[in-house]
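Mapping to this note's numbering: the sequence shown position 141 is 254, numbers consecutive.
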Amino acid sequence: MAGKAKDSAMSNYFNLVGLMKSRRKVAVLFSGGKDSCLVAKAAIDAGIETAAFTISSPLFSRKELKNSEKMAKEIGIQHIVIKSDYIPKNDNRRCYRCKKNMIKLVRGSAKSKGFDILADGTTIDDMKDETRIGTRAADEEGVWHPLLDAGFNEKEVISASSSIGLSVWNKPSNSCIATRISYGEEITAKKIDMVEKAEEFLQNSLGETKRIRVRVHGGIARIEVPAEDFEKILEMRDEIIERFKKIGFTYTALDLSGYRSGSMNEELGQLWGKPLKQHHRHDRNNAEYGNRLRH
Numbered sequence: 114m115a116g117k118a119k120d121s122a123m124s125n126y127f128n129l130v131g132l133m134k135s136r137r138k139v140a141v142l143f144s145g146g147k148d149s150c151l152v153a154k155a156a157i158d159a160g161i162e163t164a165a166f167t168i169s170s171p172l173f174s175r176k177e178l179k180n181s182e183k184m185a186k187e188i189g190i191q192h193i194v195i196k197s198d199y200i201p202k203n204d205n206r207r208c209y210r211c212k213k214n215m216i217k218l219v220r221g222s223a224k225s226k227g228f229d230i231l232a233d234g235t236t237i238d239d240m241k242d243e244t245r246i247g248t249r250a251a252d253e254e255g256v257w258h259p260l261l262d263a264g265f266n267e268k269e270v271i272s273a274s275s276s277i278g279l280s281v282w283n284k285p286s287n288s289c290i291a292t293r294i295s296y297g298e299e300i301t302a303k304k305i306d307m308v309e310k311a312e313e314f315l316q317n318s319l320g321e322t323k324r325i326r327v328r329v330h331g332g333i334a335r336i337e338v339p340a341e342d343f344e345k346i347l348e349m350r351d352e353i354i355e356r357f358k359k360i361g362f363t364y365t366a367l368d369l370s371g372y373r374s375g376s377m378n379e380e381l382g383q384l385w386g387k388p389l390k391q392h393h394r395h396d397r398n399n400a401e402y403g404n405r406l407r408h
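Encoded structure:
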């Protein structure tokens, strides 16, 4: 089964390279994570004109920016960093507005360099999650999802990334720091810095490949890690409490539900009035799947 899964992932990757060749000139929204790195690597392997565009913002950790610079060099793609001080209102449309702002900034820079096509790292799994309203914003702005067109789910992204030698193949997905702050609370530079320091401390203690979130609820830091890491967190209890108090948190709590993506959305009654547009339904039996291009 493992061999078949790897073959499927690589088949999708060759399809991805082919899709890139057909587009000829593509700008990549580049975070430095495995999804956008796979897109960037395919563009390089396709031999097309391409560049990677990264937003430098208080909402993204300094560590993530350094990682994007490192990965751009590893892949061999031109890397363009765009600075932004935009801080969205922290309501249930935060991610939608933030993604719209980011895309418009990148598109303006990309167009000035002759790029009409802007691609991101959206996968099949992303489209199944209706809480990802940033994906809707990307759709509305005409961003191309090449991984989706090539038939990639998240497991296949990991497999293909490992097979072609990307060093981030096992790096956990990350999101902007605003997602750590409870809806309704003001997003401030101080809170962003507190989250960044707290997560970096836990990451250094547990390991770079561990999924870790520190969610902010007023003066409370709610730690999310997978259940298998609870014991380690409890062993470090006194050290964590001391460090988090120095960082600025009054209370520190371990979430017994464990790590889960987008857990802040659980506090919302209804995130959005309509589901994400399912313009690409993955069908392994459809021989033409992955060859369809979004226009």
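C-beta: ideal position from N, C-alpha, C; glycine also. These numbers were taken from a predicted model, which means no experiment stands behind them.
Close beta carbons around residue i, own chain, < 6 Å, minus the five adjacent residues each side
i, result
"P201", "R207, R210, C211"
"E162", "K138"
"R245", "D239"
"G371", "P339, A340"
"A409", "With the chain covering 114 to 408 only, the question about residue 409 has no answer from this structure."
"G386", "Caution applies to G386, whose pLDDT of 44 falls short of 50 and renders its modelled position unreliable; the model cannot decide the point."
Nearest residue (CA-CA) to residue i, options the options
i, options, result
"A122", "I188, R293, A165, I277", "I277"
"S149", "I290, A273, K217", "A273"
"V130", "D262, K268, N287, A302", "D262"
"I195", "N203, K186, K183, N214", "N214"
"R136", "K226, W257, D204", "W257"
"K358", "L347, M307, R328, K323", "M307"
"L410", "A185, L178, T248", "Since the first and last residues shown for the chain are 114 and 408, residue 410 lies out of range."
"E197", "K217, K303, I190, A250", "In the sequence on display, residue 197 carries Ser and not Glu. Residue K217 is the option with its Cα nearest to S197."
Own chain residues within Cβ distance below 7 Å of residue i, not counting five before or after
i, result
"I188", "C150, A153, K154, I157"
"S318", "M349"
"W282", "K147, I271, S274, S275"
"K310", "I360"
"S174", "I290, E309"
"T236", "D148, L260, L261, F265, N266, E267, V270"
"S124", "none"
"I294", "N203, I300, K304, V329"
Which residues DSSP lists as bridging residue i, in chain order
i, result
"E162", "K138"
"S197", "BP columns for S197 are empty, so no partner."
"Y364", "I333"
"L231", "A140"
"T167", "V194"
Pairwise C-alpha distance: residue j and residue i
i, j, result
"T365", "G331", "11 Å"
"D342", "V141", "35 Å"
"E379", "V219", "31 Å"
"A159", "L369", "46 Å"
"S77", "P171", "There is simply no residue 77 to check, as the chain begins at 114 and stops at 408 in what is shown."
"E253", "I325", "31 Å"
"L367", "I305", "20 Å"
"M377", "N287", "15 Å"
"I168", "S144", "8 Å"
"E337", "E355", "18 Å"
"A164", "S225", "12 Å"
Close beta carbons around residue i, own chain, < 8 Å, minus the five adjacent residues each side
i, result
"D204", "Y296, G297"
"E321", "K284"
Let me know the alpha helix (DSSP H) ranges lying completely inside the stretch 244-297, each 4 residues or longer, listed in chain order. 246-253, 259-262, 267-276
Output the residue ranges of the alpha helix (DSSP H) runs that lie fully inside the stretch 293-341 and measure 4 residues or longer, sorted by chain position. 302-319
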